[in-house]
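As structure tokens, the structure follows; a few thoughts come after it.
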Amino acid sequence: MPFDEPKEECGVIGIYAPGEDVARLTFFGLYALQHRGQESAGIAASDGTGVRVHTRMGLVNTAFSEHDLRTLVGHIAIGHTRYSTTGSSREINAGPFVATSEHGTIAVAHNGNLINSDALRSELMERGVSLVSSTDTEPLAWMIALSQGPDIATRVRQAMLRFSGAYSLAILTRDALVGVRDPLGIRPLCLGRLGNGWVLASETCALATIGATFEREIDPGEIVVIDEHGIRSFAAPEQPDRQATCIFEMIYFARPDSEMMGKRLHLARQRMGAELWREHPADADLVIPLPDSAVPAAIGYARASGIPYAEGLIKNRYIGRTFIQPDQRLREQGVKLKFNALPEILEGKRVVLVDDTIVRGTTSRPIVELLKQNGAREVHMRVHAPPIMWPCYYGVDMARREELIAANRSVEEIGETIGADSIGYLSLEGLIRAIDLPAGRFCTACLTGRYPIPARVEVAKLSFEPAANGRESALLTPGRIGH
């Protein structure tokens, strides 16, 4: 039974800080971004003469040893923690990716998804480039490496003309750190100060973890180059007249302690809960969250309603981060592998269960049943986002449209399907009020079907996987260490 939640995309970080142990700082920055991807992690570093890369499957704390970090010497580093949206979960697909051309070697960490990666792959293969992975990041890296121009900013600008989709990039060259955000700003990227150095990161929580101070967000379409001459900013070659930041960063993906678009997300999500109460009140005894991401909204719902807040479900935070499959008996336990209920809290109570999303609906019914089995008299489901009715093509593994429960059932039918006594979703208007920013600054495609970049063809996640012919052991990028 797949857990019913959208999967985080990826986290990226880059550090330029002469005199600092940048690989170690990058390691701890990736720790802060672990929620954005738990499949693999990697770091690339440069000392001004050469680029070294280490990647490995698993969580950040298992992907690196003390020896690995000592090997990654230099004053520039980038890091990546991955959840796969294009390409399978294999070590050959772990970032950062390296590409070498007449201009030297670059390494690229990428958060997002290119919807034209198939065309880029075909072009590169015609040019004689041997692609070894099935991700969209590898062709992206090669397009930058093979672009022409006197400097890295020019080559990045040339490559951006070929990219369609979402991308926030941390790029490492022999002597520079480069940050790039797609022209619509779909995926986040921010800039921080670390002593005399600089940090790029997907979220501000990573800056705080390593002692950096938040300076600003990288603008949509902006290219930032950091080297011995300081920091310079360049505009995208083509800049649309609108922004389309993923609204689910505000609802779910980003950590609640992060600041994004001038908003502390914990407080914004509390406001979502308050708006949810105003739109969908309930006559109940307790408000409980589905941990952990719905906690701020449940607090907001409880405060606005005056209904006491309580923890009725305890989450095992690590069960979803193992590659070991449960046996049949444990598989039948379903959500009990991930959540335990507190019967002393629930007994005889009418419960409002606050969740951030319902994607497929595969786990909502077992969770409602778990609450009732442990004594809840009624369960009223409240969701602090509108119904997800369309797939995402920009770096989030939501589901195909035919798998989305809200695309195929009415809200009332969803409530009946999951066994809730009532159900209510926050409206898009209520969500925008809670965020307190103009609706036009966000991509709401998964909620409305209005895509900021037309997705002509849906490329399957595993479209570029090699046939199962034993090639895996040969598909190793030169220069990688620590496998």
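Here the numbering used here is used: the first residue of the sequence shown is 62, the next is one more, and so on. Glycine included, every Cβ here is placed at the ideal spot set by N, Cα and C. These numbers come from a predicted model, not from an experiment.
Excluding the five sequence neighbours on either side, which residues of its own chain have a C-beta within less than 8 Å of the C-beta of residue i, listed in chain order?
| i | result |
| --- | --- |
| Glu-81 | His-136, Leu-255, Gly-256 and Gly-258 |
| Glu-372 | Ile-349, Pro-350, Pro-352, Leu-403 and Ile-406 |
| Gly-272 | Leu-255 |
| Leu-489 | Pro-447, Ala-500, Thr-505, Leu-508 and Thr-509 |
| Gln-434 | Ala-402 |
Go through its chain and collect everything with a Cβ distance to residue i's Cβ below 7 Å, but skip five positions before and after it.
| i | result |
| --- | --- |
| Gly-480 | Arg-426, Val-429 and Glu-430 |
| Ile-493 | Ala-500 |
| Ser-162 | Ala-206 and Leu-207 |
| Asp-197 | Thr-147, Asn-174, Leu-175 and Ser-178 |
| Arg-332 | Gly-361 and Ala-495 |
| Glu-276 | Leu-252, Gly-253 and Arg-254 |
| Ala-359 | Gly-334, Val-348, Ile-349, Pro-350, Tyr-370 and Val-415 |
By the DSSP assignment, the beta strand (DSSP E) with residue i in it spans what residues?
| i | result |
| --- | --- |
| Lys-376 | 374-376 |
| Gly-253 | 251-255 |
| Phe-400 | 400-402 |
| Pro-447 | Run containing Pro-447: none; DSSP gives neither H nor E here. |
| Cys-453 | Careful: Cys-453 lies outside any beta strand (DSSP E) and carries neither H nor E. |
| Tyr-144 | Premise fails: Tyr-144 is in no beta strand (DSSP E) and is neither H nor E. |
| Ile-312 | First-last for Ile-312: undefined, no H or E at that position. |
| Tyr-77 | 71-77 |
| Arg-117 | 112-118 |
| Leu-347 | 347-350 |
| Ser-483 | 483-486 |
Mark residue i as exposed unless 16 or more other C-beta atoms lie within 10 angstroms of its C-beta, in which case mark it buried.
| i | result |
| --- | --- |
| Leu-222 | exposed |
| Ser-319 | buried |
| Arg-182 | buried |
| Ser-191 | exposed |
| Arg-421 | buried |
| Arg-131 | exposed |
| Asn-187 | According to the sequence displayed, residue 187 carries Glu and not Asn. With fewer than 16 Cβ atoms within 10 Å of its Cβ, Glu-187 is classed as exposed. |
| Asp-344 | exposed |
| Asp-388 | exposed |
| Ser-126 | exposed |
| Glu-473 | exposed |
| Gly-38 | This structure leaves residue 38 out entirely; the chain is present only between 62 and 544. |
| His-128 | exposed |
| Ala-124 | buried |
| Asp-302 | exposed |
| Thr-274 | exposed |
| Leu-523 | With a pLDDT of 44 at Leu-523, under the threshold of 50, the modelled position of this residue cannot be trusted, and the question is left open. |
| Ala-521 | Note that Ala-521 scores a pLDDT of 46, beneath 50, so its modelled location is shaky and nothing firm can be said. |
| Arg-218 | buried |
| Arg-461 | exposed |
| Gly-395 | buried |
| Glu-519 | Unreliable positioning characterises Glu-519 in this predicted model, as indicated by a pLDDT of 47, which lies under 50. A coordinate reading is not provided. |
| Glu-278 | buried |
| Asn-469 | exposed |
| Glu-264 | buried |
| Pro-515 | exposed |
| Ala-84 | buried |
| Ala-467 | buried |
| Glu-199 | buried |
Between residue i and residue j, how many whole angstroms is the CB-CB distance? I'm expecting something under 8 Å.
| i | j | result |
| --- | --- | --- |
| Val-121 | Leu-91 | 5 Å |
| Ile-139 | Ile-74 | 7 Å |
| Asp-417 | Ile-247 | Between Ile-247 and Asp-417 the Cβ distance is about 19 Å, and since that is not below 8 Å, they are no contact. |
| Ala-262 | Cys-251 | 6 Å |
| Ile-176 | Val-241 | Not confirmed; about 17 Å, so no contact. |
| Arg-443 | Val-413 | 6 Å |
| Ala-495 | Ala-329 | 6 Å |
| His-445 | Gly-334 | 6 Å |
| Pro-298 | Asp-243 | Actually they are not in contact, since the Cβ atoms of Pro-298 and Asp-243 sit about 12 Å apart, beyond 8 Å. |
| Ile-153 | Ser-194 | 5 Å |
Need the endpoints of the alpha helix (DSSP H) that residue i sits in, please.
| i | result |
| --- | --- |
| Val-121 | 121-124 |
| Gly-491 | 489-496 |
| Asn-469 | 466-469 |
| Thr-265 | 265-270 |
| Tyr-228 | Run containing Tyr-228: none in the alpha helix (DSSP H); it sits in the beta strand (DSSP E), 226-233. |
| Val-83 | 83-93 |
| Tyr-362 | 356-366 |
| Gly-334 | 326-340 |
| Val-169 | Run containing Val-169: none in the alpha helix (DSSP H); it sits in the beta strand (DSSP E), 165-175. |
Between residue i and the rest of its own chain, which residues show a CB-CB distance below 6 Å, the 5 nearest in sequence each way excluded?
| i | result |
| --- | --- |
| Leu-86 | Ile-76 and Ile-271 |
| Cys-38 | There is no way to answer for residue 38, as the model of the chain reaches only from 62 to 544. |
| Ala-202 | Phe-158, Ala-160 and Val-169 |
| Pro-79 | His-136 |
Beta carbon of residue i: closer than 7 Å to some heavy atom of the ligand MN?
| i | result |
| --- | --- |
| Ile-496 | The ligand MN is absent from the structure shown, which contains no ligands of any kind. |
Open item on the list: Can you confirm whether the region 356-365 touches the region 333-347 when touching is taken to mean that 3 or more C-beta pairs between the two stretches lie within less than 8 Å?
Closed with: yes
Open item on the list: So, does the region 307-325 touch the region 443-457, judging by three or more C-beta pairs under 8 Å?
Closed with: yes
Open item on the list: Does the structure place the region 227-245 close enough to the region 277-292 that three or more beta carbon pairs sit under 8 Å?
Closed with: yes
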